[in-house]
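Enquirer: Below is one structure. I have some questions about it.
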Amino acid sequence: MIWAKCQHCGKRFSGLSKDGTTHLKNHLNSSKCRRSQQETGGLENPTVTNGNFVFDEERSGLDLVRMIIKNGYPLNLVEDEYFKNFAKNLQPTIKLPSQDTLKDKILCFYREEKEKLRKQFDKVLSFSLILNFWQDCGKKSKYCSFTLQFIEDGPKLKKKNLAIKNVEYNYVGETLFEMVKGVVLEWNIDKKLASITVESSYANNQMVKILYRWLGDQGNCQPLKKQIFYIPCITHLIFLLVKYGLDKINYILHKIRKAIKYMSKTAIGKQKFEEAVKKLNLGGKDIAYEGFRRRWDSIFFMLQIALELRGEICIDLQSKNLSIEEWDKAEFMCKCLSVFYDAICSFFGSKCLSMNVYFSKIVETQGSLLRLQESDIAKKMGITFAPHFDFYTHVSAMAAVFDPRTNLKFVHYCFRYGDCTKLPTLIDGALSRRFGAYAKDLCSQGLSSSFPNNDNSSSSYGDNPRNILDRWKKLQRGSQMTQLDQYLRESSLHSDGELDILGWWHSKSQDSPALWAMARDILAIPMSTSTSNSAFCVETTTLDPIFNDLDPDIIEALFCGKDWLDNPIRITHA
Numbered sequence: 001m002i003w004a005k006c007q008h009c010g011k012r013f014s015g016l017s018k019d020g021t022t023h024l025k026n027h028l029n030s031s032k033c034r035r036s037q038q039e040t041g042g043l044e045n046p047t048v049t050n051g052n053f054v055f056d057e058e059r060s061g062l063d064l065v066r067m068i069i070k071n072g073y074p075l076n077l078v079e080d081e082y083f084k085n086f087a088k089n090l091q092p093t094i095k096l097p098s099q100d101t102l103k104d105k106i107l108c109f110y111r112e113e114k115e116k117l118r119k120q121f122d123k124v125l126s127f128s129l130i131l132n133f134w135q136d137c138g139k140k141s142k143y144c145s146f147t148l149q150f151i152e153d154g155p156k157l158k159k160k161n162l163a164i165k166n167v168e169y170n171y172v173g174e175t176l177f178e179m180v181k182g183v184v185l186e187w188n189i190d191k192k193l194a195s196i197t198v199e200s201s202y203a204n205n206q207m208v209k210i211l212y213r214w215l216g217d218q219g220n221c222q223p224l225k226k227q228i229f230y231i232p233c234i235t236h237l238i239f240l241l242v243k244y245g246l247d248k249i250n251y252i253l254h255k256i257r258k259a260i261k262y263m264s265k266t267a268i269g270k271q272k273f274e275e276a277v278k279k280l281n282l283g284g285k286d287i288a289y290e291g292f293r294r295r296w297d298s299i300f301f302m303l304q305i306a307l308e309l310r311g312e313i314c315i316d317l318q319s320k321n322l323s324i325e326e327w328d329k330a331e332f333m334c335k336c337l338s339v340f341y342d343a344i345c346s347f348f349g350s351k352c353l354s355m356n357v358y359f360s361k362i363v364e365t366q367g368s369l370l371r372l373q374e375s376d377i378a379k380k381m382g383i384t385f386a387p388h389f390d391f392y393t394h395v396s397a398m399a400a401v402f403d404p405r406t407n408l409k410f411v412h413y414c415f416r417y418g419d420c421t422k423l424p425t426l427i428d429g430a431l432s433r434r435f436g437a438y439a440k441d442l443c444s445q446g447l448s449s450s451f452p453n454n455d456n457s458s459s460s461y462g463d464n465p466r467n468i469l470d471r472w473k474k475l476q477r478g479s480q481m482t483q484l485d486q487y488l489r490e491s492s493l494h495s496d497g498e499l500d501i502l503g504w505w506h507s508k509s510q511d512s513p514a515l516w517a518m519a520r521d522i523l524a525i526p527m528s529t530s531t532s533n534s535a536f537c538v539e540t541t542t543l544d545p546i547f548n549d550l551d552p553d554i555i556e557a558l559f560c561g562k563d564w565l566d567n568p569i570r571i572t573h574a
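Residue 570 in UniProt numbering sits at position 570 of the sequence shown, with consecutive numbering throughout.
This is the structure we're talking about:
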């Protein structure tokens, strides 16, 4: 038998589930129990015992905060009548906080989690900063979020949101720099910042230039900073190319959209449309034939279907026929979109989005645009992409070298095609220079800990210790360079499926510490600010509606708190 005991008068009641809780509530309202409540001080004690159960109001309050942050519930949930009744029926003595109290609890949770994250960052050697832009639901305010990407022991590639700040729609570089500077100093990562990834624009480019100079003044000596610091978001560049192409055929898209919509109204037309969707394997895809869509991949799917039904559309809509020239333009645009769609799917199809996943698709994209040069639209896209191609190829090729399945041989093979004759030499030279910097840095760290600097000391052989150390440094650097040469001469690793490339390199860290350090830093650099959900968006990403009309500090706590709960912060002690 399970019993429930009144904490005020001591009377026992049946605690079986079949008996419900109405008799318990009636007893609490009885005159006898009320007298006992007055004698014991009412219901001020938040702890109720029932068998082995102990109600902890403080813990429940924290669970409520986590639930609201994690699931994006509105803060006025705690004042909702039905939610109150639900909570009271579960625990009659629960005291739900007001909205203002809930905000205080959210900020308290945010500060505690933030401090945990600071301690975690103390053990990380370098970071890459990602800037992303958002707008609220009413498009009245614009925000900039700050995210760090880094490799933690394990080793695992991780991301953590740091902050989100309100910015002007027409912000300037100096203003954004001050914002970035504030976040960097607040998190104490100014000497660990290795790269920054952000959309390319005049204001963002100016911000990066100022930031680069300031970090140098702060004593930032990250080995890669001099060569690979600013990474313009590659998915944003692809979006700009797509937007240019879609704008050029906007009137054609309007005709196609109307034609498909009209065709789908008839039973036969709807059947043909569904058959085309099935044939093209587009089931479940969002297809933009009923007006504007916020993702350009939906327009790509619509074009594929229209081209598949090209003959049917011409027959059914005599008055709205597309000319042969218009169909040709639509077909060329569809081919271009196919190239970009395939590239983005490849980028975000990997379980670990380390930089090595980009190289082959960047080379293929350039080659595809060159083959489509007969189209004026593709030609213009190719001209726009060309200045960025060398940079993206150079950066991603460095990462591809550190993929043991491809390494330098594959990079050289890719450079045989197109106008890339100078790149192999540039990549080879860059590898040697950057590895030399890592080897030198590693030796300096080892020497500074093993050999104290003492100008008055002397060896038993009468030699100057400083000269001995210099000679030893040279020997060490020579040994490290031999490790690089040995890796580059090795055969490619044969691996079916995905390879845990970070784990593979980490297993080499004891034998080749400089190689591991260089591979770790290069592979951790992000080339895109987008996620798989936002890579095809044609508008600035919109913040959750629950952020509307909230104070900036609460927005930041909710935005970052959700990310931290999705990826719990765990502190490991040495």
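Using N, Cα and C, we set each Cβ at its ideal position, and we do this for glycine too. All values reported here derive from a predicted model rather than from experimental measurement.
Since L162 and L148 are thought to touch, with beta carbons under 8 Å apart, how far apart are those beta carbons, to the nearest angstrom?
Expert: Here residue 162 is taken as the residue at index 162 of the sequence shown, counted from 1. Here residue 148 is taken as the residue at index 148 of the sequence shown, counted from 1. Right, their Cβ atoms sit about 6 Å apart.
Enquirer: Assess contact between the region 540-548 and the region 128-147, defined as three or more Cβ pairs (one per stretch) separated by less than 8 Å. Is contact present?
Expert: Contact between the region 540-548 and the region 128-147 is present, because at least three Cβ pairs lie under 8 Å.
Enquirer: Could I get the ranges of all uninterrupted alpha helix (DSSP H) runs contained in the region 45-101, with 4 residues as the minimum, in chain order?
Expert: Qualifying alpha helix (DSSP H) stretches, in chain order: 57-71, 81-90.
Enquirer: Judging by CA-CA distance, which residue of A378, L369, D428, N356 is the nearest neighbour of D403?
Expert: By 1-based counting over the sequence shown, the position of residue 403 is 403. Of the listed residues, the one whose Cα sits closest to D403 is N356.
Enquirer: Could you tell me if R520 is buried or exposed, where buried requires 16 or more neighbouring beta carbons within 10 angstroms of its beta carbon?
Expert: If you number the sequence shown from 1, residue 520 lands on position 520. Per the 10 Å Cβ criterion, buried.
Enquirer: For F559, which three-state DSSP category applies?
Expert: Numbered from its first residue, the sequence shown carries residue 559 at position 559. Reduced to three states, the DSSP call for F559 is helix.
Enquirer: Taking only three categories from DSSP, how would you classify L162?
Expert: Your numbering for residue 162 matches position 162 in the sequence shown. If DSSP states are grouped into helix, strand and coil, L162 belongs with the strands.
Enquirer: For I106 versus A557, is the C-beta spacing smaller than 8 Å?
Expert: For the purposes of this step, residue 106 is taken as the residue at position 106 of the sequence shown. For the purposes of this step, residue 557 is taken as the residue at position 557 of the sequence shown. Contact flag set, yes.
Enquirer: Alpha carbon to alpha carbon, how far is F127 from D136? Give it in angstroms, no decimals.
Expert: Position 136 of the sequence shown holds residue 136. Position 127 of the sequence shown holds residue 127. Between D136 and F127, the C-alpha separation is close to 28 Å.
Enquirer: Give the secondary structure of F410 by DSSP, where H, G and I count as helix, E and B as strand, and everything else as coil.
Expert: As a first step, residue 410 must be located in the sequence shown, where it is residue number 410. The answer is helix: DSSP assigns F410 an H, G or I state.
Enquirer: Indicate whether S368 and V339 have their beta-carbon atoms separated by less than 8 Å.
Expert: Start at 1 with the first residue of the sequence shown, and residue 368 comes out as number 368. Start at 1 with the first residue of the sequence shown, and residue 339 comes out as number 339. For S368 and V339, yes; Cβs fall inside 8 Å.
Enquirer: Below 8 Å between beta carbons: does that hold for A378 and F332?
Expert: Numbered from its first residue, the sequence shown carries residue 378 at position 378. Numbered from its first residue, the sequence shown carries residue 332 at position 332. Yes; because the gap between Cβ atoms is below 8 Å, this pair is in contact.
Enquirer: Distance, Cα to Cα, C345 vs S98?
Expert: Taking the first residue of the sequence shown as 1, we reach residue 345 at position 345. Taking the first residue of the sequence shown as 1, we reach residue 98 at position 98. Each residue's Cα considered, the two are about 45 Å apart.
Enquirer: Below 8 Å on the Cβ atoms is my guess for L307 versus A330; work out the distance and round it to an integer in Å.
Expert: If you number the sequence shown from 1, residue 307 lands on position 307. If you number the sequence shown from 1, residue 330 lands on position 330. Indeed, because the Cβ distance is near 7 Å, the residues count as touching under 8 Å.
Enquirer: Can you list, in chain order, the residues of its chain with a C-beta nearer than 6 Å to that of V65? Leave out the 5 residues immediately preceding and following it.
Expert: Sequence index remark: in the sequence shown, residue 65 carries index 65 (1-based). Here the set comprises K105, I106, F109.
Enquirer: Using beta-carbon positions only, say whether I256 and M302 come within less than 8 Å of one another.
Expert: For the purposes of this step, residue 256 is taken as residue 256 along the sequence shown, with counting starting at 1. For the purposes of this step, residue 302 is taken as residue 302 along the sequence shown, with counting starting at 1. Taking 8 Å as the Cβ cut-off, I256 and M302 qualify as a contacting pair.
Enquirer: Which two residues bound the contiguous beta strand (DSSP E) that contains F146?
Expert: Mapped onto the sequence shown, residue 146 falls at position 146. That run of the beta strand (DSSP E) goes 142-152.
Enquirer: For I555 and I525, what's the separation of their Cα atoms in angstroms?
Expert: Taking the sequence shown and counting its residues from 1, the one referred to as residue 555 is at position 555. Taking the sequence shown and counting its residues from 1, the one referred to as residue 525 is at position 525. Going from the Cα of I555 to the Cα of I525 covers about 28 Å.
Enquirer: What did DSSP end up calling P155 once you bin it into helix, strand or coil?
Expert: Position 155 of the sequence shown, counted from the first residue, corresponds to residue 155. P155 falls in the coil class under three-state DSSP.
Enquirer: Note down the Cα distance separating S264 from N533, rounded to an integer number of angstroms.
Expert: To locate residue 264, count along the sequence shown from 1; it is residue 264. To locate residue 533, count along the sequence shown from 1; it is residue 533. C-alpha separation (whole angstroms): 29 Å.
Enquirer: Our contact map puts F359 next to A397 with C-beta atoms below 8 Å; I'd like the distance itself, whole angstroms only.
Expert: The residue labelled residue 359 in the question sits at position 359 within the sequence shown. The residue labelled residue 397 in the question sits at position 397 within the sequence shown. Rounded, the Cβ-Cβ distance is 6 Å, consistent with contact.
Enquirer: Where does R12 fall in DSSP's three states?
Expert: Position 12 of the sequence shown holds residue 12. Correct three-state label for R12: strand.
Enquirer: For the alpha helix (DSSP H) that S195 lies in, which residues bound it at each end?
Expert: Start at 1 with the first residue of the sequence shown, and residue 195 comes out as number 195. No alpha helix (DSSP H) holds S195; the beta strand (DSSP E) holding it covers 193-198.
Enquirer: Start and end of the beta strand (DSSP E) containing A4?
Expert: As a working note, residue 4 is residue 4 in the sequence shown. Here the beta strand (DSSP E) through A4 covers 3-5.
Enquirer: Short of 8 Å in beta carbon distance, which residues of its chain neighbour Y487, apart from the five on each side in sequence? Order them along the chain.
Expert: Numbered from 1 along the sequence shown, position 487 holds the residue referred to as residue 487. Only N407, S512, L515 meet the Cβ criterion.
Enquirer: Taking 7 Å as the cut-off, is the beta-carbon of V401 closer than that to any non-hydrogen atom of the ligand MG?
Expert: For the structure depicted, the ligand MG is absent and the ligand set is empty, with no information on it obtainable.
Enquirer: Measure the CB-CB distance between V78 and L117 and report whether it falls below 8 Å.
Expert: Here residue 78 refers to the residue found at position 78 of the sequence shown. Here residue 117 refers to the residue found at position 117 of the sequence shown. It is not a contact, given that the beta carbons lie outside the stated cut-off.
Enquirer: Given 8 Å as the limit, is there contact between the region 168-182 and the region 198-209, that is, 3 or more CB pairs closer than that?
Expert: Output reads yes: the region 198-209 touches the region 168-182.
Enquirer: How should E374 be labelled, buried or exposed, when 16 other C-beta atoms within 10 angstroms of its C-beta is the threshold for buried?
Expert: Here residue 374 refers to the residue found at position 374 of the sequence shown. Label assigned to E374: exposed.
Enquirer: Which residue comes first and which comes last in the alpha helix (DSSP H) that contains Y171?
Expert: Taking the sequence shown and counting its residues from 1, one reaches residue 171 at position 171. Element bounds for Y171: n/a, residue is neither H nor E.
Enquirer: Leaving out the 5 sequence neighbours to the left and right, which residues in its chain are closer than 6 Å to L337 when beta-carbon positions are compared?
Expert: For the purposes of this step, residue 337 is taken as residue 337 along the sequence shown, with counting starting at 1. Within the same chain, L337 has close Cβ partners F300.
Enquirer: In terms of DSSP beta bridges, what is T22 paired with?
Expert: By one-based count along the sequence shown, residue 22 stands at place 22. The partner list for T22 (beta bridge, DSSP) is empty, contrary to what the question assumes.
Enquirer: Please determine, among I522, S14, S495, the residue with the shortest C-alpha to C-alpha distance to L431.
Expert: Position 431 of the sequence shown, counted from the start, is the residue given in the question as residue 431. Nearest C-alpha to L431: I522.
Enquirer: Is DSSP giving K510 helix, strand or coil here?
Expert: Along the sequence shown, one-based indexing puts residue 510 at 510. Per the sequence shown, the amino acid found at residue 510 is Gln instead of Lys. In this structure, Q510 counts as coil in the three-state DSSP scheme.
Enquirer: Less than 8 Å separating the beta-carbons of residue 579 and T384?
Expert: With the chain represented from 1 up to 574, any question about residue 579 goes unanswered, as that position is not in the structure.
Enquirer: Counting only the same chain and skipping the five closest in sequence on each side, list residues whose C-beta sits under 6 Å from that of E44.
Expert: Taking the sequence shown and counting its residues from 1, one reaches residue 44 at position 44. In this predicted model, E44 has a pLDDT of only 44, less than 50, meaning its place in the structure is not dependable; the value taken from the coordinates is given anyway. There are no such residues.
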